[in-house]
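When the letters of the sequence shown are read in order and numbered with the numbering used here, they come out as residues 1 to 161.
Quick reminder that beta carbons are idealized off the backbone N, C-alpha and C, glycines included.
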Amino acid sequence: MRYTFIFIIFLLSCHTARKSEKAINMVQLYHPEILAKRAAQLYPCKTIKISSDSTDFINWIEQVNEIDTIVVVDSIIRVDSFVTNCPKLVTRYRQLIRKYPIIHDTITIVDESKLIAKEYELSQMTIKNESNNKKYIRCMYWIMWLFLIIICLLLAIKFKK
Numbered sequence: 001m002r003y004t005f006i007f008i009i010f011l012l013s014c015h016t017a018r019k020s021e022k023a024i025n026m027v028q029l030y031h032p033e034i035l036a037k038r039a040a041q042l043y044p045c046k047t048i049k050i051s052s053d054s055t056d057f058i059n060w061i062e063q064v065n066e067i068d069t070i071v072v073v074d075s076i077i078r079v080d081s082f083v084t085n086c087p088k089l090v091t092r093y094r095q096l097i098r099k100y101p102i103i104h105d106t107i108t109i110v111d112e113s114k115l116i117a118k119e120y121e122l123s124q125m126t127i128k129n130e131s132n133n134k135k136y137i138r139c140m141y142w143i144m145w146l147f148l149i150i151i152c153l154l155l156a157i158k159f160k161k
């Protein structure tokens, strides 16, 4: 008898994938903000490189390659012209190195779980705001009627004298 009781407790305490899925579905139905916040903590978003603006870099590489081809052609064909053009090439390299372009990457970060959590908070605040507006209108309605009654009473008291 004791072993069957232990066996039943053991079976009831197992947390299977089906139980977990059922629990997550319940949390999603009744408290989606908790699930969204927890998912944001456990699975943070990753940055995704969408595109890069590398046209300046490509042009810069082409200019460097032009200088390299001039050096190779001059060194093979005319050695004397290479010696005279060497300072010009060095200054050209220095100018190009100073003008090294900055590559701008466009990075998009999408975090659905935080977005869903914020949307839920916004919807809850909207519902709360609507209920507060209804209470405010109702309160102003009563205040208006009380103000009219007080005015009527004051006028009635004044005319009785």
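Under 9 Å between the Cβ atoms of residue i and residue j?
i      : j      : result
Glu33  : Gln124 : yes
Ile116 : Cys45  : no
His60  : Lys99  : Sequence inspection shows Trp at residue 60; the His mentioned does not correspond to that position. Yes, the Cβ-Cβ distance between Trp60 and Lys99 is below 9 Å.
Ile103 : Ser54  : yes
For residue i, count neighbouring C-beta atoms within 10 Å of its own C-beta (all shown protein chains included) and say buried if the count is 16 or more, exposed if not.
i      : result
Leu42  : exposed
Ala17  : exposed
Leu35  : buried
Tyr141 : exposed
In the DSSP assignment, what are the bridge partners of residue i?
i      : result
Ile150 : Partner(s): none; Ile150 has no beta bridge.
Roughly how far, in whole angstroms, is the beta-carbon of residue i from the beta-carbon of residue j, given that I think they are within contact range, below 8 Å?
i      : j     : result
Ser113 : Ala39 : 4 Å
Arg92  : Ile67 : 6 Å
Measuring only between beta-carbons, confirm whether residue i sits less than 9 Å from chain C.
i      : result
Asn129 : In the structure shown, chain C does not exist; there is a single protein chain.
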